[in-house]
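Visitor:
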Amino acid sequence: MNIVVLDGKTINPGDNPWTPLETLGALTVHDRTAAKDILPRALSADILLTNKTPLRADTLAKLDKLRFIAVMATGYDVVDLDAASRRGIPVSNVPSYAAQSVAQFVLALILEHCHQVALHDREVRAGEWTKARDFCFWKTPQIELSGLIMGIIGFGRTGRLVAELAHTLGMDIQVYTPRIRETPSYKPFAWKALEDVFAEADVISLHCPLKPDNVGFVDKTLLARMKKSAFFINTSRGALVSESDLAEALNSGALAGAAVDVVSEEPIRPDNPLLSAKNCLITPHMAWASLSSRKRLLEATVENIKAFLSGRPTNVVNQPVSSE
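Here is the structure:
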């Protein structure tokens with residue numbers, strides 16, 4: 001059984017050993033795989049693991065040995081699911097493994113917007129406190145979250161954790177989700193229409209998967225509904241947002257600020273409009289990357305492979321056509 005990892009560096013940069021995978025077959029791990037190398041590296045694989053390396057229809061059509069694809073992530077848009085299904089290849093993902101870390105990261109982004117801690121540290125080191133005529137100073141408005149509205153788009157595990165953290169800080173919670181499930185016991189909490197969340201929330205955070213029908217859904221129309229004092233966060237998928245529209249809203253002062261951990265093309269291109277947008281905090285897709293999260297990711301991937309080998313695959317995100 002040949003197991004090939006196409007892009008293992010971000011999961012294991014040296015602190016998260018592949019030992020559990022090595023017990024399942026002959027393992028080959030590539031740190032990264034360029035587009036020209038995807039096919040030759042995947043040809044021998046019975047089981048293929050990818051995080052962000054794309055597996056498109058033309059590649060899958062040539063992988064005659066391939067029996068199973070394990071996406072080492074929650075999002076699985078890197079795989080052509082229709083093509084995999086036609087070839088009878090199950091594709092699995094790992095839901096919710098990074099929920100705790102991403103929720104914590106969202107809170108860090110919110111608090112950075114409210115207090116600009118790093119900026120004030122730099123000001124102190126530049127001598128501004130030494131020169132101050134008073135015992136204190138602040139260069140940006142200091143924002144208290146209690147009583148403000150936290151708007152959450154998507155209410156899976158991560159969205160629920162973000163809501164709990166925001167509630168702990170005294171925020172009112174408003175949620176839009178296509179499928180309403182169990183309502184949390186804490187209050188104030190309200191299910192809302194998408195447009196209403198954008199119009200009423202002081203902070204909005206995206207927690208929804210990328211699908212063909214929601215590409216660029218956060219556009220100038222939705223952004224125009226937001227308060228000028230509002231703060232927008234995206235730690236989900238960059239393509240959910242029209243980046244040019246978000247940059248325009250920031251530059252025009254229609255929006256107080258934004259923080260994005262994801263962009264439409266990664267690594268970020270030098271011409272991405274958010275790089276020059278006002279009051280836009282950009283981090284390099286790192287919200288998921290705590291060691292605890294990466295360990296859970298590897299463990300869950302191993303369990304997905306074991307389930308496939310036992311004939312009872314789990315976390316399958318496509319509908320493979322039976323070869324029988």
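Just so we're aligned: 250 in the numbering used here is position 250 of the sequence shown, and the numbers increase by one with no gaps anywhere. Ideal placement from N, C-alpha and C gives every residue a C-beta, glycine not left out.
1) If you draw a straight line from the alpha carbon of S229 to that of P141, how long is it in whole angstroms?
2) Note down the Cα distance separating A99 from P209, rounded to an integer number of angstroms.
3) Over what stretch of residues does the alpha helix (DSSP H) that includes T158 continue unbroken?
4) If you drop the 5 nearest sequence neighbours on each side, which residues of the same chain put their C-beta closer than 7 Å to that of L39?
5) Taking 8 Å as the cut-off, decide whether the C-beta atoms of I3 and I47 are in contact.
6) Going by C-alpha distance, which of V317, L274, S292 is nearest P284?
7) Answer yes or no: do V106 and S205 have a C-beta to C-beta separation smaller than 8 Å?
8) Rounded to whole angstroms, what is the Cα-Cα separation between T168 and K295?
9) Residue range of the beta strand (DSSP E) that C280 falls in?
10) Around the C-beta of L291, are 16 or more other C-beta atoms found within 10 angstroms, so that it is buried, or is it exposed?
11) Where do the N-terminal and C-terminal ends of the alpha helix (DSSP H) with Q100 fall, by residue?
12) In chain order, what residues of the same chain have a beta carbon less than 7 Å from the beta carbon of R32, not counting five sequence neighbours either side?
13) If you follow the beta strand (DSSP E) that D77 is part of, which residue opens it and which one closes it?
14) Distance check for A224 and A73, CA to CA, integer angstroms please.
15) Mind the definition here: the segment 169-178 touches the segment 145-154 only if three or more C-beta pairs lie below 8 Å; say whether that holds.
16) So, is C280 buried or exposed, given that buried needs 16 or more other C-beta atoms within 10 angstroms?
17) Check for me: the alpha helix (DSSP H) holding N251 runs from which residue to which?
18) Decide if Y76 is buried, meaning its Cβ has at least 16 other Cβ atoms within 10 Å, or exposed.
19) Does the pairing of the segment 111-118 with the segment 263-270 give three or more beta-carbon distances under 8 Å?
20) Measuring straight from C-alpha to C-alpha, what distance separates F308 and A249?
21) Whole angstroms are fine: how far does the CA of A70 sit from the CA of L325?
Guide: In this structure, then:
1) 11 Å
2) 13 Å
3) If you look at T158, you'll find it in the alpha helix (DSSP H) that goes 157-168.
4) T59, K62
5) yes
6) The shortest Cα separation from P284 among V317, L274, S292 belongs to L274.
7) yes
8) 28 Å
9) 280-282
10) exposed
11) 99-115
12) Closer than 7 Å at the Cβ level, and outside the excluded window around R32, lie D7, K9.
13) Segment: none, D77 is in no beta strand (DSSP E) and carries neither H nor E.
14) 33 Å
15) yes
16) Buried: at least 16 other Cβ atoms inside 10 Å.
17) 243-251
18) buried
19) no
20) 47 Å
21) What is shown of the chain runs 1 to 324, which leaves residue 325 out entirely.
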